[in-house]
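Asks:
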Ligand SMILES: [Zn+2]
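In my numbering, the protein residues as written are 531 to 1009.
(1) Would you please state the rounded distance, in angstroms, between the beta carbons of residue 573 and residue 867? I believe it to be under 8 Å.
(2) Please classify residue 531 as buried or exposed, where buried requires at least 16 neighbouring CB atoms within 10 angstroms.
(3) Apart from the five residues just before and just after residue 730, which ones in its own chain have a Cβ nearer than 6 Å to its Cβ?
(4) According to DSSP, which residues form a beta bridge with residue 725?
(5) So, with DSSP's three-state summary, where would you put residue 542?
(6) Return yes when at least one heavy atom of ligand 1 lies under 8 Å from the C-beta of residue 584, else no.
(7) Could you pull out every residue in the same chain whose Cβ sits closer than 6 Å to the Cβ of residue 534, ignoring the five residues on either side in sequence?
(8) DSSP three-state label for residue 594, please.
(9) Beta carbon of residue 734: closer than 8 Å to some heavy atom of ligand 1?
(10) Whose CB is closer than 5 Å to a heavy atom of ligand 1? List the residues in chain order.
(11) Using a Cβ-Cβ cut-off of 8 Å (strictly less than) and excluding sequence neighbours within five positions of residue 603, which residues of its own chain qualify?
(12) Using beta-carbon positions only, say whether residue 956 and residue 1008 come within less than 9 Å of one another.
(13) If you draw a straight line from the alpha carbon of residue 699 to that of residue 546, how long is it in whole angstroms?
(14) Express the C-alpha separation of residue 831 and residue 916 in angstroms, rounding to a whole number.
(15) Taking the C-alpha atoms as reference points, what is the distance between residue 871 and residue 931?
(16) Tell me which residues share the same chain as residue 551 and place their Cβ nearer than 7 Å to its Cβ, disregarding the 5 neighbours each side in the sequence.
(17) Note down, in chain order, each residue of its chain lying with its Cβ closer than 8 Å to the Cβ of residue 622, except the 5 sequence neighbours on either side.
(18) Can the beta-carbon of residue 792 be found closer than 9 Å to that of residue 762?
(19) Of the choices 565, 607 and 554, whose alpha-carbon is the least far from that of residue 1074?
(20) Could you check if residue 748 is buried or exposed, using at least 16 other CB atoms within 10 Å of its CB as the buried criterion?
(21) For residue 677 and residue 740, I'd like the C-alpha separation in whole angstroms.
(22) Name the one or two DSSP bridge partners that residue 641 has.
(23) Based on the DSSP output, what are the partners of residue 663 in its beta bridges?
(24) Starting from the C-beta of residue 869, find all residues in its chain whose C-beta is less than 8 Å away, skip the five residues before and the five after it, and write them out in chain order.
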């Protein structure tokens, strides 16, 4: 493990942001909950940060390739809306989910569309320095001129050359070369197009992150984060073009942190493959957003997480139990930094709360050791069961752990955690309708009218009622 030594009073963090052409799915949330944990960890250590998350509203091409159709433009055509509408709509959807998950807002959310002139200048500078060559399909970065190319990914460049993501581009010198500028294909007029020294077109998809991070955080900054899928290609290319541009022989960014995937049925959830479940799907099914947050934090950010119903049920139950237990301890003190939390506990002597001090140390060790959120969660749960800890000490430990976990335990209502309805929540008219439909379905089954029975089952499902046929007759429950 590497020690983090800040290079400035305010640590610059850049996180690769969303491409806003469709709803973010659950897997898309993980990088931001992870970056949020990192920010909370730095706050815990009393280190100020400036966090930048870009909004990609200039669509890069389908399958993240350098050529071909543009994702935003395809979405606009599909939904019969303008690209600006599409970007605004899905940007809002992203912000809504971030807020529901209690992710602290970034300091700046730059839009790629607002930085195209700077991207053109950046590419022109690389051209001037001799790092590029021009093809009919655009301006390309020559990766053979970048001495350390691929070192971030421990990249086997030969391996990447054979990789499935590498498309064939006519005239490209090396398979790892990538587009800085994507020229408009002859006879095809893009909706989002800009004039450049290389003709009309759009920037290549790696360019925006280098340009916007340098504009907002300075030429060099401390931390760059993103999903592990960016490590092989996007970040490798960001580094190559940035270090070529700066030309000062220093690493562009000092620390790279990547979160692992969320797996669903043991497969990566890819947005392009038709969209995975969204946060809204979870809340509609009765899960609280904090249950999803806790599920994510229950795994280390560098471990793959398997999303299952059972895991979500367990997370929901844990959040509810935590909220119910903490309710009796409110109000909680402010304990966002280790020092502030420690100062709230009595010093050594007869009044010392050894148990509370030990839990606080456990929390500090866990967050210091590469953001080990599962260990913080364990320390929190253990402290709540510990008969040795004082009530005041427990308040401090809970507040401190939650400053890092971000579950909002200071005010989370345990009754709001489980919104699944029970039969007693139904009003008499609803109950009557359900009972009538169940009776009708039983009648249809008796007459072997299976089509009608299925129709009624579908109707009941719309009302949130699930019917199971048992030897004793139909049983039903609310979902
Ligand atoms: Zn990026």
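A virtual CB, placed ideally from N, CA and C, is assigned to each residue, including glycine.
Because the structure is a prediction, the values reported are computed rather than measured.
Replies: Quick answer:
(1) 7 Å
(2) exposed
(3) 714 and 723
(4) 730
(5) strand
(6) yes
(7) none
(8) Residue confidence for residue 594 is low, a pLDDT of 49 falling below 50, so the modelled location carries little weight; the figure read from the coordinates is stated next. Residue 594: helix per DSSP, three-state reduction.
(9) no
(10) 546 and 739
(11) 589, 613, 720, 721 and 722
(12) yes
(13) 26 Å
(14) 28 Å
(15) 10 Å
(16) 589, 601, 602, 605, 616 and 620
(17) none
(18) no
(19) The structure shown does not extend to residue 1074, since the chain is modelled only from 531 through 1009, so no value can be given for it.
(20) exposed
(21) 18 Å
(22) 585
(23) 670
(24) 576
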